[in-house]
Amino acid sequence: MADNELAERLQRRLVLDAEPREAEPNGTQGGEEEDKAATANADSELSAKLNRRQDINAGTAVPANKCAIRNPYTEFKEFSRKQIKEMDVMFRRYDTGRDGFIDQMELKLMMEKLGAPQTHLGLKNMIKEVDEDMDAKLNFFEFLMIFRKAAAGELEQDSGLMALAKLSEIDVSTEGVKGAKNFFDAKVQALSSASKFEAEIKAEQDERRQQEEDKKNRRAAFKELKSAFN
1 MADNELAERL QRRLVLDAEP REAEPNGTQG GEEEDKAATA NADSELSAKL
51 NRRQDINAGT AVPANKCAIR NPYTEFKEFS RKQIKEMDVM FRRYDTGRDG
101 FIDQMELKLM MEKLGAPQTH LGLKNMIKEV DEDMDAKLNF FEFLMIFRKA
151 AAGELEQDSG LMALAKLSEI DVSTEGVKGA KNFFDAKVQA LSSASKFEAE
201 IKAEQDERRQ QEEDKKNRRA AFKELKSAFN
């Protein structure tokens, strides 16, 4: 319906432009030029909308209000589910604006709380190094890139991002971030991605079952104690 309406409007505009016009009085040439420019802009905008709608319907374009769904567990296979969840907790803790981003001011507060304050220029450089979409702030996937670069040995030892990786609460303390590359390489070699993922899911399910069992036992003990007093 929308495509047909756009097509009809564009066709009407083309027909009107093709019809001959009466001569205008002297002194109106400037007005004619302005009208032509406005008409051309309207035609161009209408044509662009129609073409985009046709591309969307044909599956060759993504609507502007939709974005590709990203999964951190599949994009960052070098990290365990537990580590990604720890990074998510840390990210949310410092995303004080609750908008899904860590901006420069929030990064400043983060680095101060971690005990590694940075200059204004240092903070800008930290964001710039992993800012894939160039919006001058960090989303969660860009935040994960910090730890990927640290694990791959791609960060300068005295850089702000390395300081963030070292001082974070992510559990790589046994090997340390400096040796993280060997640590993750060993993990990848020891377990395939599929079996590793399944093992982590099973461990989480077992932990939830144990928690439910503990809760059930506590309730039973409480009821027993309550009946004894009654």
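First residue of the sequence shown: 1, per UniProt numbering; consecutive thereafter. Virtual Cβ for every residue (Gly too), placed ideally from N, Cα, C.
For residue i: DSSP bridge partner residues
i      : result
Leu138 : Ile102
For residue j and residue i, the rounded distance between their alpha carbons
i      : j      : result
Met162 : Lys223 : 53 Å
Glu8   : Asn51  : 13 Å
Asp133 : Asp103 : 13 Å
Ala165 : Lys82  : 16 Å
Gly100 : Met90  : 12 Å
Lys113 : Leu107 : 10 Å
Leu121 : Ile127 : 10 Å
Asn125 : Ile201 : 37 Å
Gly160 : Glu207 : 36 Å
Gln205 : Asp214 : 14 Å
Ala116 : Glu212 : 41 Å
Ala220 : Arg209 : 17 Å
Gly97  : Asp135 : 16 Å
Phe79  : Ala228 : 51 Å
Asp158 : Arg148 : 17 Å
Glu156 : Asn217 : 52 Å
Gln118 : Ala203 : 39 Å
Leu167 : Leu225 : 46 Å
Thr74  : Arg12  : 50 Å
Glu154 : Asn71  : 23 Å
Asn139 : Ala150 : 17 Å
Asn65  : Leu123 : With a pLDDT of only 46 at Asn65, under the threshold of 50, the placement of this residue in the model should not be trusted; the figure read from the coordinates follows. Computed Cα separation, rounded: 31 Å.
Candidates the options: closest to residue i by CA position
i      : options                        : result
Arg93  : Leu155, Leu109, Gln157, Ile201 : Leu109
Ile69  : Met134, Phe141, Lys137, Ala220 : Phe141
Phe143 : Glu154, Val130, Leu155, Asp135 : Val130
Lys137 : Arg208, Gln157, Met105, Ser159 : Met105
Ile84  : Met145, Thr119, Leu123, Gln118 : Met145
Ala152 : Arg12, Phe76, Pro72, Asp95     : Phe76
Simplified DSSP state of residue i, which is helix, strand or coil
i      : result
Ala116 : coil
Leu225 : helix
Thr96  : coil
Phe143 : helix
Lys149 : helix
Asp206 : helix
Phe79  : coil
Leu155 : coil
Arg9   : helix
Asn51  : helix
Asn71  : coil
Glu86  : helix
Ile201 : helix
Glu175 : Low confidence applies here, because Glu175 scores a pLDDT of 39, under 50, leaving its location unreliable; read the following figure in that light. Of the three classes helix, strand and coil, the one that applies to Glu175 here is coil, per DSSP.
Glu212 : helix
Ile127 : helix
Phe183 : Per-residue confidence for Phe183 stands at a pLDDT of 47, beneath the threshold of 50, marking its modelled position as unreliable; the derived number appears in the next sentence. Residue state, collapsed to three classes: helix.
Inter-residue CB distance, residue i and residue j (contact presumed, cutoff 8 Å)
i     : j      : result
Met87 : Ile170 : 6 Å
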